[in-house]
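Protein chains in written order, with this note's numbering: chain A, 38 to 338; chain B, 11 to 449. Heads up: the structure comes next, in C-alpha cells.
Okay, structure coming up:
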C-alpha cells in the first residue's frame with residue numbers, strides 16, 4: 038500500500054488559493070463582520086439621534102433590556118411565534134406533502150396551488166390576512182359572529198388572538214416552501230423500503246413512523262433550521278403590515294422591536310444590544326440543532 | 011495603437027456629450043434638493059408645485075425626492091447628515107419636531123431672511139399652525155402640510171336611527187346617548203371607532219386645555235415628565251373603555267385602519283385626521299357629515315392640535331443655495347400655491363391670504379366639511395401651551411406607549427389608571443435619558 042502523500046493542489050502557486058477566496062472574504066468582512074463589530078461596540082454606548090453626542094454607558098443598554106418587561110414580553114412572543122411556525126407549520130406541511138405524494142388525478146394542480154403562497158410578497162400576504170380578519174369588515178369575524186351568537190372576534194384588541202393570526206399567516210406564507218422540500222424528500226424514499234414494510238405487514242401509520250419519517254430526517258432538520266431563521270428574522274413585513282407589533286405589544290416580536298428601536302426611535306444603543314442578544318440566542322439554538330441533527334439524522338441509505 | 015486612439019476619442023466624445031449640457035445647466039442654476047414623504051395623490055401635487063416653481067425661477071433648480079414614509083425620511087436624513095450629504099430641505103413629521111430642534115443640524119427658518127438680506131412678515135401665516143412649530147416665539151420650521159383631527163359621521167345612519175343628521179354630538183355624554191340610540195335602532199352593531207388612537211388621546215388633552223407633559227408641554231424647556239396619567243387622562247381612557255364595553259366604541263387599530271369600517275357603513279362615527287377627508291368623501295356611498303372633536307362637559311376649552319409635517323432647512327449651505335431655499339419657502343406661501351396645495355390634498359392652507367381667497371371664491375360653502383376643521387382650530391384657544399400641543403424628544407416612542415396603554419385598557423387587560431401609569435413610567439425614563447443627552 039502506497040503511503041498517502043500530501044499532494045500540492047496548486048503546484049508553484051502556494052498563495053493562489055488564498056487569492057481566490059479573497060473576494061468572498063472581503064465581501065463578508067466588509068458587509069457582515071464589520072457592521073457586526075460596529076453594533077457590538079454601539080451596544081455599549083448611548084447617543085443622540087443625530088450622533089452629535091455619544092456617551093459610554095457600559096452595560097446599561099443590556100441591564101435595561103433585561104429589566105424591561107417589554108423585552109421579556111417580546112422574547113416570549115417570539116418564542117411562541119417561532120414555536121408555532123416550526124411545530125404547526127412543519128407538521129401541517131408534512132401532512133399536506135404526504136397527501137400530495139399520492140397518485141391522484143390533477144396532482145400537478147394541487148401541488149401548484151399549495152406551493153404558490155411562497156411566491157407572495159409578505160406585504161400582500163399580510164394585507165390578505167389583515168383584510169380577512171378585519172374586525173368590522175372581515176369575512177372571518179363575520180362567519181364567527183354568525184355561528185357563535187354574535188361573538189366579536191377583534192384581533193385589534195385581543196393580543197393572544199393577534200399573535201395567533203400573525204403566526205398562522207406566517208405559517209401559511211411558509212407552507213409552499215416546506216411542502217416543496219418535503220415532497221422532494223418523500224419522492225426520494227425508495228419504493229422498495231415501503232413495499233418491504235408492507236410485505237412484512239406494517240400498516241400505513243407504522244410505515245410512516247418507522248420508514249418515512251426517519252428517512253426524511255435530513256429534510257426535516259434543514260427545514261427546522263430554515264423555519265427558525267424565518268420566524269426570527271424574516272417576518273418583519275407581515276408584522277409591519279398586519280399589527281405594527283400591537284395590540285398592547287402582543288405581536289412585538291424581537292426583530293420588529295429591534296427595527297422600531299433602531300429606525301423609528303433612533304435609539305442605536307438599545308437596538309445594538311438587542312441584536313447582540315438575538316445573535317447569541319440564535320447561535321446557541323443553531324449549535325444545539327445541528328448537534329442533534331448530525332447525531333439523529335440519517336443521511337446514508 | 012491606432013485602435014486605442016479611436017477608443018479614447020470615442021470615450022472623450024461620450025463624456026463630452028454627457029457632461030456639457032449638465033455643466034451648462036449647472037453654470038447658470040443653483041441646485042437644491044428637498045426630501046419629502048408625500049406619496050400618492052399628495053406626491054403628485056408636490057411634483058406639480060415643484061415644476062411650477064422651477065419654471066418661475068430660471069436661476070434655481072429644485073429637485074424634490076420622495077424618500078419614503080415620515081420615519082424613513084427622518085432616518086435617511088440623519089444618516090445623510092452624518093455623512094455630509096443631507097438635502098437642503100427636509101420634511102419632518104410633527105412628532106419629530108423636538109428631535110429636529112435638538113439636532114444641531116438645522117438653521118431655524120426665522121433666521122433665513124436676515125441671512126439672505128431680506129425681511130419677512132411672519133404674521134401672514136395662520137396662527138395655531140405657526141404656534142406648533144415655534145420655539146421662544148420664533149418659527150423654527152416652515153409649516154407645510156398641516157392637519158388636525160375631527161369627527162366624521164354617517165348622516166344616513168343618523169337618519170335611520172331617528173337622529174338629526176345635521177347635529178353631530180358635541181360632547182362625549184351626547185355621543186354615548188347617540189350611540190345607544192344607533193345600537194337600539196339596529197342600524198349598526200358598533201358606533202364609533204378612530205384612527206391614530208394615541209394622537210386622539212393627545213387631542214383630548216389639548217381640546218380641554220390640559221397639559222400633557224411638564225415644562226409647559228415641553229415648550230418652555232425640555233419635557234422631563236409626562237402628565238397624562240392624571241385624573242383627566244384616566245377619565246378619557248376610562249370613557250373609551252366603558253364605551254367599548256357598551257359596544258358603542260370598537261377599537262380600530264392604529265393610523266387609518268378604522269376608515270374602511272366607516273366607509274362601508276359598519277360604524278356611524280369616526281374620529282380621524284382631516285387629511286382623510288378627500289378619501290372618505292370620495293369613497294363613501296352615503297352623506298358624510300363632520301363635526302368638532304367631542305368634549306367632556308365641565309372642563310376648560312383648549313384647541314385641537316396640529317398634526318402633519320413641516321419643512322426644515324439644513325445648516326451649512328452656501329448663500330446661493332440658501333437664497334434658493336428661501337425663494338421656495340416663500341413660494342409655498344403664495345396664495346395661489348397654498349390654495350392649490352389645500353385643494354389638492356385637504357391639508358390646511360398655511361397663509362391667511364390663501365384662506366381669504368378660498369373664502370372669497372366660496373370654496374368652503376361648496377363643501378361645508380372642509381370648513382369644519384378650520385372653524386375648529388380658529389375657534390379654539392391659541393394662547394396656552396396646553397392647547398398648542400406637546401413637544402417631546404422621544405415623542406414617537408412615547409406615542410407607542412400611549413397606544414399600548416389604550417389598547418390594554420380597552421381590552422380590559424388593565425384598568426385605565428394602571429395602563430397609563432405603566433406608560434408614564436416608561437415615558438419618563440426616556441424623557442430623562444433625552445434630557446441628559448441633550449442638555
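The beta-carbon is built from N, C-alpha and C at its ideal position, and this holds for glycine as well. Small disclaimer: the values here were computed from a predicted structure and weren't measured.
{"Asked": "Of the listed residues 417(B), 213(B) and 102(B), nearest to residue 284(B) (C-alpha basis)", "Found": "213(B)"}
{"Asked": "Rounded C-alpha distance that separates residue 399(B) from residue 90(A)", "Found": "28 Å"}
{"Asked": "Length of the line joining the Cα atoms of residue 131(A) and residue 215(A)", "Found": "8 Å"}
{"Asked": "Contact with chain A by residue 34(B), beta-carbon distance below 9 Å", "Found": "In this prediction, residue 34(B) has a pLDDT of 46, which is less than 50 and means its spatial position is unreliable; nothing more can be read from the coordinates."}
{"Asked": "N-terminal and C-terminal residue of the alpha helix (DSSP H) that residue 284(A) is part of", "Found": "Where residue 284(A) is concerned, there is no enclosing alpha helix (DSSP H), given that its DSSP letter is neither H nor E."}
{"Asked": "Chain A contact for residue 286(B) (CB, 9 Å cutoff)", "Found": "no"}
{"Asked": "Residues of its chain near residue 333(B), where Cβ-Cβ distance is below 6 Å and the 5 sequence neighbours each way are ignored", "Found": "126"}
{"Asked": "Option in 272(A), 63(A) and 95(A) with minimal Cα separation from residue 309(A)", "Found": "95(A)"}
{"Asked": "C-beta neighbour in chain A for residue 400(B), strict 9 Å", "Found": "no"}
{"Asked": "Straight-line gap, residue 281(A) to residue 414(B) (C-alpha atoms, nearest Å)", "Found": "11 Å"}
{"Asked": "Partners in chain B for residue 161(A), counting only beta-carbon separations shorter than 8 Å", "Found": "None at all; the shortest Cβ gap to chain B is about 17 Å."}
{"Asked": "Chain-ordered chain A contacts of residue 455(B) [CB-CB under 8 Å]", "Found": "Nothing in the structure corresponds to residue 455(B), since chain B is present only between 11 and 449."}
{"Asked": "Beta-carbon proximity of residue 262(B) to residue 312(B), cut-off 9 Å", "Found": "no"}
{"Asked": "Contact set between residue 274(B) and chain A, taken where Cβ atoms lie within less than 9 Å", "Found": "173 and 174"}
{"Asked": "Bridge partners - residue 157(B), DSSP secondary structure assignment", "Found": "317(B)"}
{"Asked": "Cβ-Cβ distance between residue 55(B) and residue 350(B) below 9 Å", "Found": "yes"}
{"Asked": "Partner residues on chain A for residue 413(B), Cβ-Cβ distance less than 8 Å", "Found": "283"}
{"Asked": "Three-state secondary structure (DSSP) of residue 445(B)", "Found": "helix"}
{"Asked": "Cross-chain neighbours of residue 100(B) in chain A, by beta carbon under 9 Å", "Found": "Those within 9 Å of residue 100(B) in chain A number zero; the least Cβ separation is about 12 Å."}
{"Asked": "Under 9 Å between C-beta atoms of residue 199(B) and residue 298(B)", "Found": "no"}
{"Asked": "C-beta contact flag for residue 38(B) and residue 68(B) at 9 Å", "Found": "yes"}
{"Asked": "Minimum Cβ-Cβ distance from residue 404(B) to chain A less than 9 Å", "Found": "yes"}
{"Asked": "Beta carbon of residue 195(A) nearer than 9 Å to that of residue 284(A)", "Found": "yes"}
{"Asked": "Residue 105(A), enclosing alpha helix (DSSP H) - first and last residue", "Found": "Residue 105(A) -> no alpha helix (DSSP H), and no H or E assigned at all."}
{"Asked": "Sequence-distant residues of its chain with Cβ nearer than 7 Å to residue 443(B) (five each side left out)", "Found": "none"}
{"Asked": "Alpha helix (DSSP H) segments (min. 4 residues) lying fully within the stretch 233-305 of chain B", "Found": "241-255, 269-273 and 287-293"}
{"Asked": "Contact the stretch 218-234 of chain A vs the stretch 244-252 of chain A: 3+ CB pairs below 8 Å", "Found": "yes"}
{"Asked": "Between the CA atoms of residue 220(A) and residue 144(A) - distance to the nearest angstrom", "Found": "12 Å"}
{"Asked": "Local Cβ density within 10 Å of residue 146(B), reported as buried at 16 or more and exposed below that", "Found": "exposed"}
{"Asked": "Chain-order list of residues whose beta-carbon lies under 7 Å from that of residue 186(A) (same chain, five-residue window excluded)", "Found": "none"}
{"Asked": "Strand pairing of residue 203(B), partner residues [DSSP]", "Found": "280(B)"}
{"Asked": "Sheet register partners of residue 44(B) (DSSP bridge)", "Found": "74(B) and 99(B)"}
{"Asked": "Cβ-based contacts, 8 Å cut-off: residues of the stretch 91-123 of chain B near chain A", "Found": "91, 92, 109, 112, 113, 114 and 115"}
{"Asked": "Coarse secondary structure for residue 148(B), derived from DSSP in three states", "Found": "strand"}
{"Asked": "Residue environment, residue 56(A), which counts as buried when at least 16 other CB atoms sit within 10 Å", "Found": "exposed"}
{"Asked": "Residue-level contact to chain A via CB, residue 261(B), 9 Å cutoff", "Found": "yes"}
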